[in-house]
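J.:
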Amino acid sequence: MIKEGELVLLYTEEGRSYLVEVGERPFQTHKDHFDLKKLIGKPFGSTLVGQKGNKVYALKPTIYDFLMKLKRVTQIIYPKDIGYILLRLNVGPGKTVLECGTGSGSLLLAFAFAVGPEGRVITYEKEPRFQKVAQENLTRFGLAERVIFKGEARDHFEEQEEVDAVFLDLKTPWELIEAAWRALKGGCPLGVLLPTANQVSETLKVLARYPFVGTQVLEIMLRFYKTNPERFRPEDRMIGHTAYLLFTRKIKGESHDGE
Ligand SMILES: C[S@@+](CC[C@H](N)C(=O)[O-])C[C@H]1O[C@@H](n2cnc3c(N)ncnc32)[C@H](O)[C@@H]1O
């Protein structure tokens, strides 16, 4: 049942969606005026009728909805890339994940959701104003307690061989490859997001100097389709490029018998 103060995704008859908190404040579109208090005690999926007879549907927000609706003050990582990042970094309940480049907290939100109440996400951000927005986004979705915020990472992270995965999303990630290697537990994955090909080349050059194996670079393309069953076909427009993704795994270097 929907409670007062709960977040609800309102879906209009025209297919627009709005993430709103159920409370005193009414909800208004250009067409109608809706009294959200009428949703209290109703199940998700209920229909709310406005003063002029228009309808909105009260949906349970998913983590995807949260990501699409969060407050943005920087470039963010989108769900198409985040889903794959979570799998490649093996982010799940109880894990400790380190990211550098909190930004608006888009990837951070997904990490915090995936690690569960027993897990931790350590996130480095040099700009206090971005940290503040990311913190607000996490608080809005009830995930702030799983996250530890830290400031600028210059050439190292405070964590040493203690995290299950590292992700770098900043302009010059190659400056933190050694730091990532030191922070990771042996055998664990590093992921890097790189908008341009030059950044990929620079990162690959530096990566070659450290004990990592299984390096892959890839890009994810996503195409939406029109859902008219009589004229089923792709949408006319498509996002051509967001970023390249690089994944690799830490090894500990050679060890010899008796050492
Ligand atoms: C593209 S944004 C990250 C977006 C974020 N991953 C998201 O999904 O919302 C890159 C961020 O890295 C931060 N940054 C750059 N260099 C940094 C450093 N050395 N230490 C900490 N943060 C850094 C920038 O201030 C910026 O907010």
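Convert by adding 12 to the 1-based position in the sequence shown; the result is the number in the numbering used here. Don't be surprised by glycine CBs; every beta carbon is placed ideally from N, CA and C. On a predicted model such as this, the values are computed, not experimentally measured, just so you know.
With C-beta atoms as the reference, is glutamate 111 less than 9 Å away from aspartate 167?
T.: For the purposes of this step, residue 111 is taken as the residue at position 99 of the sequence shown. For the purposes of this step, residue 167 is taken as the residue at position 155 of the sequence shown. Contact flag unset, no.
J.: In the DSSP assignment, find the unbroken beta strand (DSSP E) run with glutamate 33 in it and report its ends.
T.: Within the sequence shown, numbered from 1, the residue matching residue 33 stands at position 21. Taken as a continuous stretch (DSSP letters only), the beta strand (DSSP E) holding glutamate 33 covers 29 to 33.
J.: Give me the residue from Ala195, Tyr237, His253 and Pro185 with the minimum Cα distance to glutamate 247.
T.: For the purposes of this step, residue 247 is taken as the residue at position 235 of the sequence shown. Taking only the C-alpha atoms, the option nearest glutamate 247 is Tyr237.
J.: Rounding to the nearest angstrom, what Cα-Cα distance links glycine 117 and phenylalanine 244 in this structure?
T.: Within the sequence shown, residue 117 is the residue found at index 105, counting from 1. Within the sequence shown, residue 244 is the residue found at index 232, counting from 1. Their Cα atoms are separated by approximately 36 Å.
J.: Buried or exposed: leucine 201, going by 16 or more other Cβ atoms within 10 Å of its Cβ?
T.: For the purposes of this step, residue 201 is identified with residue 189 of the sequence shown, where counting begins at 1. Before going on, a small fix: residue 201 reads as proline here, not leucine. So proline 201 ends up on the buried side.
J.: Tell me whether lysine 43 sits in a helix, a strand or coil according to DSSP, three-state version.
T.: Here residue 43 refers to the residue found at position 31 when the sequence shown is read from its first residue. Reduced to three states, the DSSP call for lysine 43 is coil.
J.: Just to confirm, is the Cβ distance from isoleucine 189 to threonine 215 under 9 Å?
T.: Taking the sequence shown and counting its residues from 1, one reaches residue 189 at position 177. Taking the sequence shown and counting its residues from 1, one reaches residue 215 at position 203. Yes, Cβ-Cβ distance for isoleucine 189 and threonine 215 is below 9 Å.
J.: Glycine 163: which of Gly154, Gln143 and Glu174 sits nearest, CA to CA?
T.: Within the sequence shown, residue 163 is the residue found at index 151, counting from 1. Minimum Cα distance to glycine 163 is reached at Gln143.
J.: State the start and end residues of the unbroken alpha helix (DSSP H) segment that holds glutamine 211.
T.: Reading the sequence shown from its first residue, position 199 is the one you call residue 211. Element bounds for glutamine 211: 209 to 219.
J.: State the DSSP-derived secondary structure class of valine 229, mapped to helix, strand or coil.
T.: Taking the first residue of the sequence shown as 1, we reach residue 229 at position 217. Three-state result, valine 229: strand.
J.: Pick out every residue whose C-beta is nearer than 5 Å to a heavy atom of ligand 1: which are they, in chain order?
T.: Chain-ordered list of matching residues: Thr86, Gln87, Ile88, Ile89, Gly113, Gly115, Ser116, Ser118, Leu119, Tyr136, Glu137, Lys138, Glu139, Phe142, Glu164, Ala165, Asp181 and Leu182.
J.: Which residue wins for smallest C-alpha separation from glycine 131, given the options Val103, Gly113 and Ile52?
T.: Taking the first residue of the sequence shown as 1, we reach residue 131 at position 119. Closest option to glycine 131, Cα to Cα, is Val103.
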